[in-house]
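**Student:** Count along the sequence shown starting at 1, add 13, and that's the number in the working numbering.
No residue lacks a Cβ here, since even glycine has one placed at the ideal position from N, Cα and C.
Here you go, one structure.
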Amino acid sequence: MSNRESHIAAPAPFPGPFSRPLFLPRHIILKLVSWVEDVGERGVLEVRKAVGYHDEPLKGKRVGQRSIRLIKKYRAIYEVVDSQKIVFVKVVEVNKHEY
14 MSNRESHIAA
24 PAPFPGPFSR
34 PLFLPRHIIL
44 KLVSWVEDVG
54 ERGVLEVRKA
64 VGYHDEPLKG
74 KRVGQRSIRL
84 IKKYRAIYEV
94 VDSQKIVFVK
104 VVEVNKHEY
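As structure tokens, then:
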């Protein structure tokens, strides 16, 4: 990802059908912020290689999206939009993962 910038777009405070903010535990928010900063500094392709995030492509209705593990129970879903010189990373959702 040389000579390219990465930009992060987080969801609006009230994404989708929510009528109130989605509250997440502080440690989940801190982990997401850490990932966002890491992507901003090193680029999404390098951060994907970090084993701790368990970054993986999604299937089914979520083809084209990827997930990272914030902790065992929480995932962040994101999309990468490549517009030539700038890569935008859009955080689509943070949810409690069901096993």
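Can you tell me the Cβ-Cβ gap for P105 and Y87, rounded? I've got them flagged as a contact below 8 Å.
**Tutor:** For the purposes of this step, residue 105 is identified with residue 92 of the sequence shown, where counting begins at 1. For the purposes of this step, residue 87 is identified with residue 74 of the sequence shown, where counting begins at 1. In the sequence on display, residue 105 carries Val and not Pro. Actually they are not in contact, since the Cβ atoms of V105 and Y87 sit about 14 Å apart, beyond 8 Å.
**Student:** Any heavy atom of the ligand FMN closer than 7 Å to the CB of V60?
**Tutor:** With respect to the ligand FMN, the structure shown offers nothing to examine, as it has no ligands at all.
**Student:** Return the Cβ separation of R79 and E69 in integer angstroms, given the expectation that the two are a contact with Cβ distance under 8 Å.
**Tutor:** As a working mapping, residue 79 is identified with position 66 in the sequence shown. As a working mapping, residue 69 is identified with position 56 in the sequence shown. 6 Å between Cβ atoms; contact.
**Student:** Is N16 buried or exposed, if buried means 16 or more other CB atoms sit within 10 Å of its CB?
**Tutor:** In the sequence shown, the residue the question calls residue 16 occupies position 3. The pLDDT assigned to N16 is 42, lower than 50, so where the model puts this residue is not dependable, and the model offers no usable value.
**Student:** Does the separation of the CB atoms of V107 and A89 fall below 8 Å?
**Tutor:** In the sequence shown, counting from the first residue as 1, residue 107 sits at position 94. In the sequence shown, counting from the first residue as 1, residue 89 sits at position 76. Cβ atoms of V107 and A89: closer than 8 Å.
**Student:** Please report how far the alpha carbon of L83 lies from the alpha carbon of L45, in whole angstroms.
**Tutor:** Working through the sequence shown from its first residue, we reach residue 83 at position 70. Working through the sequence shown from its first residue, we reach residue 45 at position 32. Their Cα atoms are separated by approximately 7 Å.
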